[in-house]
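Chemist:
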Amino acid sequence: QVQLQQSGPGLVKPSQTLSLTCAISGDSVSSNSAAWNWIRQSPSRGLEWLGRTYHRSKWSNDYAASVKSRMTINSDTSKNQFSLQLKSVTPEDTAVYHCVRDRTGNLVFDIWGQGTMVTVSS
Amino acid sequence: QSVLTQPPSVSAAPGQKVTISCAGSSSNIGKNYVSWYQQLPGTAPKLLIYDNNKRPSGIPDRFSGSKSGTSATLGITGLQTGDEADYYCVTWDSRLYASFGGGTKLTVL
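This is the structure:
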C-alpha cells in the first residue's frame, strides 16, 4: 500500500528555513494522476493547504498565496520523494506539517504522512 | 480566515441524523468539486467524500455529500459515538488555490 514517511527537524529558529522531506513508497512522485501536497495545521490557522507538485507532461508546482513568496516544493525522482522549504519562518509558522497524496489532483487527499510538529522558536 | 464557512459545532443524539454545511462563493464551491474530511483526535484527517458526493471504498453509506450552488453539505445518518470528530470541507478557490473550511466539531450526545 502507499505510504508517506516524513523527515525533518521539529525546531527551527526564527528567520531560518524550514525543510521537510516526504519519502513515497507504493507510488511514484512522477505519477501522471496524483499530486503531492504539503498541508499544515495549527490551532490558530486550522488546516491550511500550502502547495503541491505534480507531473503530467511536465512538472508543475502550485502554492497558496499566503506562502508563495517563501515556499519551494521540489521533487526527487531518483529517491522518489518530495520536499518542502519555507524561508524566513516566524512563530506563526509553528504547526503540524503533513505531506499528502492527492490521488486525482482534485483534492482527493487519500494518503497522509505521519505529520511533523514544527516549532519556530529561538 | 477561511473563505469557506462551516458552523463551529453541531450535536445530535446517537442514531439521529446531522448535517454540516459549508458555505462558499462563486469563485470556489460554485465552480469546483468539494471534498470532506473527518479528523479524530490526535490523527490525520481522513477522506470521507470527494467530487461532491462520492465515497471512497470503506466509507459507509451513512456518510453522504451534496452541493447546491455555492454551498455544500455533509450528511451523517445513524450517528455513533465513534463519529465524534472534527469535519472539514475543502475546495479549489480561484484566488487562493485549495481552501479548507474552519472545521465543525461534531458531538454525539
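Going down the list, the protein sequences come from chains E and A. Residue 61 in this note's numbering sits at position 61 of the first sequence; the count goes up by one each step and never skips. Residue 227 in this note's numbering sits at position 105 of the second sequence; the count goes up by one each step and never skips. Glycine included, C-beta positions come from ideal geometry on N, C-alpha and C.
Let me make sure I understand the geometry here. Which of Cys144/A, Gly137/A and Pro130/A has the alpha-carbon closest to that of Lys189/A?
Modeler: The option with the nearest alpha carbon to Lys189/A is Cys144/A.
Chemist: Among the residues of its own chain, which have a CB less than 6 Å from the CB of Gln5/E, if the five just before and after it don't count?
Modeler: Counting only Cβ-Cβ distances below 6 Å, and skipping sequence neighbours, we find Ala23.
Chemist: Just list the residues that DSSP pairs Arg52/E with in beta bridges.
Modeler: Asn37/E and Asp62/E.
Chemist: Quick one: Cα of Ala34/E to Cα of Phe109/E, how far?
Modeler: Roughly 10 Å separates the two Cα atoms.
Chemist: Which residues in the same chain as Ser147/A place their Cβ atom closer than 8 Å to its Cβ, once the five residues preceding and following it in sequence are excluded?
Modeler: Once the five neighbours on either side are set aside, the close Cβ partners of Ser147/A are Val125 and Thr192.
Chemist: What do you get for Pro14/E, buried or exposed, if any count of 16 or more other CB atoms within 10 angstroms of its CB means buried?
Modeler: Pro14/E should be labelled exposed.
Chemist: For the structure I just gave you, are there three or more beta carbon pairs, one from the segment 199–206 of chain A and one from the segment 215–226 of chain A, closer than 8 Å?
Modeler: The answer is no - the segment 215–226 of chain A does not touch the segment 199–206 of chain A, with fewer than three Cβ pairs under 8 Å.
Chemist: Within the present structure, is the beta-carbon of Arg70/E separated from the nearest heavy atom of the ligand MN by less than 7 Å?
Modeler: For the structure depicted, the ligand MN is absent and the ligand set is empty, with no information on it obtainable.
Chemist: Are the beta-carbon atoms belonging to Leu47/E and Tyr210/A less than 8 Å from one another?
Modeler: Yes.
Chemist: To which residues of the same chain is Lys227/A closer than 7 Å at the C-beta, ignoring the five residues directly before and after it?
Modeler: Excluding positions up to five away in sequence, the list reads Pro130, Ser131 and Asp208.
Chemist: Comparing C-alpha positions only, which one of Ala134/A, Lys153/A, Ile142/A and Ser157/A sits nearest to Arg103/E?
Modeler: Checking every option, the nearest Cα to that of Arg103/E belongs to Ser157/A.
Chemist: Using a Cβ-Cβ cutoff of less than 8 Å, which residues in the same chain neighbour Val100/E once the five nearest sequence positions on both sides are dropped?
Modeler: So the list reads Leu4, Trp36, Asn37, Trp38, Ile39, Phe109, Ile111, Trp112 and Gly113, once near-sequence residues are dropped.
Chemist: Is the Cβ of Trp49/E closer than 8 Å to any Cβ of chain A?
Modeler: Yes - at least one Cβ of chain A is within 8 Å of the one on Trp49/E.
Chemist: Drop a sphere of 10 angstroms on the beta-carbon of Leu86/E, count the other beta-carbons inside from all chains shown, and report buried for 16 or more, exposed for fewer.
Modeler: It counts as buried.
Chemist: In terms of DSSP beta bridges, what is Ser157/A paired with?
Modeler: Val212/A, per the DSSP bridge assignment.
Chemist: Compute the Euclidean distance between the alpha carbons of Gln41/E and Ala166/A, then round it to the nearest angstrom.
Modeler: Those two C-alpha atoms are separated by around 10 Å.
Chemist: In chain A, which residues lie less than 7 Å from Asn74/E when you measure between Cβ atoms?
Modeler: Near Asn74/E there are no residues of chain A at all, since even the closest Cβ is about 18 Å away, more than 7 Å.
Chemist: I need the DSSP call for Thr21/E, collapsed to helix, strand or coil.
Modeler: Of the three classes helix, strand and coil, the one that applies to Thr21/E here is strand, per DSSP.
Chemist: How should Thr77/E be labelled, buried or exposed, when 16 other C-beta atoms within 10 angstroms of its C-beta is the threshold for buried?
Modeler: Label assigned to Thr77/E: exposed.
Chemist: Taking 6 Å as the limit between beta carbons, can you name the residues of its chain near Gly224/A, skipping five residues before and five after?
Modeler: Closer than 6 Å at Cβ, skipping near neighbours: Ser124 and Gln128.
Chemist: At the level of alpha carbons, what is the spacing between Gly105/E and Ser179/A?
Modeler: Rounded to the nearest angstrom, the two C-alpha atoms are 18 Å apart.
Chemist: On the DSSP bridge list, what partners appear for Arg130/E?
Modeler: For residue 130/E there is no data in the structure shown, the boundaries of chain E being 1 and 122.
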